[in-house]
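Worksheet: one structure, shown below.
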Amino acid sequence: MLEFKCSVLDDLFSLPEYRKNKRDQVFNCRVLMALHNSAPYDVAGYWQRTSGNLRAMKLNNIEAICATRPGYFFDSKLDPDNKNFNFEFIEDHCFYRLSSEFPSYTQMSDSKYIKNYGAQLAVIAKQKNCSVIHGHSNFLNGLAAIDGARRAGVYSIYEARGFWHITGLAKNPTYAKTDQFEYESKMEILALEQSDRVVTLSGAMKDLIVSWGINVDKIHVIPNGVDVEQFKPQMVDQILRSRWGFNRFVIGFIGSLTLYEGLADLITTVIQLNQQGFPVSLVVAGSGPIEIDLQLLAQGHIYIHLVGSIEHEHVKRWYSSFDLCAYPRTDDVVCRYVPPMKVLEAMAMEIPVIVSDLAPLKEMVRHNQTGLICQPSHINSLTETIIFAFNHRDQLIQLGKNGRVWVSKHRTWSKNAERYQAMYQSLGKNV
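Residues in the sequence shown are numbered from 6 upward in steps of one, following the working numbering.
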């Protein structure tokens, strides 16, 4: 299977030369985005990054036209009855819904899918006079963006927001030994190599990409961000707080319930703290593959609340009811490179945070300055860190204030728009 799949690498980019008259033009502030998904059908972290950056780009006079992968959203079986349009407007941005001859992108060869996808992107780029096609994870979108850019004679960007094959190792470490893992790794590297510029989310991810042989000079780190006008300190939500206990120290987590978030360790720690006499409650909001396992672990402990998913527009109420947010990610490979987004939301609201001692998290949190750091996959370290927070409330409040100041300076979507503008304007310069 690996030999068959890798054969696509030999002919994927046998495309005509760039048209020099297009390639030599300056950035005209019109970009075509190639995306895996979007609202209103998917509103998780992938969309939150897309949405935040699009809003900020618009304010920075960058016009972004968007296209979702061919077959989306029908291939996800989210709304199979509505098939009558090929574009719609989401948050004042035009989203093209590209067509596919198959009901699912998994039912055709990657080579054929990418070429079909790229051809459609090229048509839109020409019609809309875009000077850049910007593909976002995974490699299918990235390679299609490169294919389309070469057809249209414009520049290509590949934004590696994560490496999905590496994420899969948290669930199944033996996946690294499979042909599929090797194939996806080769395809990701191909997208990184062939694009004119690379965007990624953290310094740790940049270092990993460089280790794969990618030219460091074409890599731009544009991290996750947050809207600090939307996420700002607010009064405690008394209704929610009454559920957790007014006289208890409330730790919160909002996010996906996956193995690598360290939630089993967090629940175990809170149980132990209560057995030691600490009045600590834990609120876990979200859904995911280990939800049932966590429910079983928390069963019988009334101070642990697993509340399921909450609407994104309501998360500020929930954050306001927490004394502390904890993100004790495990020492899995994906956690050593890919940063979470929710940490920034909590920090923007002046909620103190605990994170694991992992490179992408340490890029956001400095111990005893903007938050607290514990050792990953280490219950004793997590316990000691929570006890410190419990016993130092005044210091904890100051950490929350410091966190918002840092985020407001370094991790806003508006700051990202400036970073994108600089990166787009660098196109045409040799790297």
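Here a beta-carbon is modelled for each residue, glycine too, at the ideal position from N, C-alpha and C. Bear in mind that the values here come from a model prediction, so they are computed numbers and not experimental data.
query	result
Reducing DSSP to helix, strand and coil, say where N26 ends up.	A caution first: N26 carries a pLDDT of 48, below 50, which makes its placement in the model unreliable, though a value can still be read off. Looking at N26 - three-state DSSP - the assignment turns out to be helix.
For a quick check, are the C-beta atoms of L40 and N121 less than 8 Å apart?	no
Assign G123 to one of three DSSP states: helix, strand, or coil.	helix
Following the continuous alpha helix (DSSP H) through L432, name the residue where it begins and the one where it ends.	Unbroken run through L432: none, as it is neither H nor E.
Could you give the residue range of the alpha helix (DSSP H) that holds I378?	Taken as a continuous stretch (DSSP letters only), I378 belongs to no alpha helix (DSSP H), being part of the beta strand (DSSP E) at L377 to C379.
Run the proximity test for N65: is its beta-carbon closer than 7 Å to any non-hydrogen atom belonging to the ligand NAP?	No copy of the ligand NAP occurs in the structure displayed, which carries no ligand at all.
Beta strand (DSSP E) containing S161: first to last residue?	Y160 to A165
My parser needs the beta strand (DSSP E) runs of 3 or more residues fully inside the stretch 243-282; what are they?	254-259
Using 10 angstroms around the beta-carbon of K406, count the other beta-carbons present and answer buried if the total reaches 16, otherwise exposed.	exposed
Do I356 and F395 come within 8 Å of each other at the CB atom, strictly closer than that value?	no
I need the straight-line Cα distance from D362 to V320, nearest angstrom please.	26 Å
Among G123, H98 and C99, which one has its Cα closest to the Cα of S105?	G123
Please list the segments of the alpha helix (DSSP H) lying wholly inside the stretch 288-333, counting only runs of 4 or more residues, in order along the chain.	296-303 and 320-325
Does the Cβ-Cβ distance between A149 and R341 come in under 8 Å?	no
Going by beta-carbon coordinates alone, are A364 and L271 separated by less than 8 Å?	no
Compare the beta carbon distance of I194 and Q426 with 8 Å and say whether it is the shorter of the two.	no
When burial is assigned at 16 or more other CB atoms within 10 Å of the CB, is Y129 buried or exposed?	Rather than Tyr, the amino acid found at residue 129 in this sequence is Ile. Label assigned to I129: buried.
So, using beta-carbon positions, are P345 and S207 closer together than 8 Å?	no
On the criterion of 16 or more Cβ atoms from any shown chain inside 10 Å, does W217 qualify as buried, or is it exposed?	exposed
Counting pairs of Cβ atoms below 8 Å between the stretch 50-61 and the stretch 217-237, do you hit three or more?	yes
Locate the beta strand (DSSP E) running through R416, then write down its first and last residues.	R416 -> no beta strand (DSSP E), and no H or E assigned at all.
What residue range does the alpha helix (DSSP H) around L206 cover?	From DSSP, L206 is part of no alpha helix (DSSP H); its letter is neither H nor E.
Beta strand (DSSP E) containing M38: first to last residue?	R35 to L40
If the criterion is Cβ atoms closer than 8 Å, does the pair R334 and Y265 meet it?	yes
With distance defined between alpha-carbon atoms, name the residue in I259, F79 and F92 nearest to E350.	I259
To the nearest angstrom, how far is the alpha carbon of K237 from that of D298?	33 Å
What residue range is occupied by the uninterrupted beta strand (DSSP E) comprising V226?	I224 to V226
So, under 8 Å CB-CB, N58 and W323 are touching, yes? Tell me the CB distance rounded to an integer number of Å.	The pair is not a contact, with the Cβ atoms about 24 Å apart (cut-off 8 Å).
So for C340, helix, strand or coil by DSSP?	helix
Between which residues of its own chain and S382 is the CB-CB distance below 6 Å, once the five residues before and five after are set aside?	T335 and D336
Over the uninterrupted alpha helix (DSSP H) stretch that includes Y51, give me the two end residues.	G50 to L64
For P75, which residues of its own chain have a beta-carbon under 8 Å away from its beta-carbon, when the five flanking residues on both sides are left out?	L103, S104, S105, Y110, Y118, N121, Y122 and Q125
Tell me where the beta strand (DSSP E) around V358 begins and ends.	V358 to S361
Measure how close the beta-carbons of H225 and V204 come, nearest whole angstrom, since I'm counting them as under 8 Å.	5 Å
For Y180, collect the residues of the same chain with a Cβ closer than 7 Å to its Cβ; drop the 5 residues on either side in sequence, then sort them by chain order.	G173, L174 and F186
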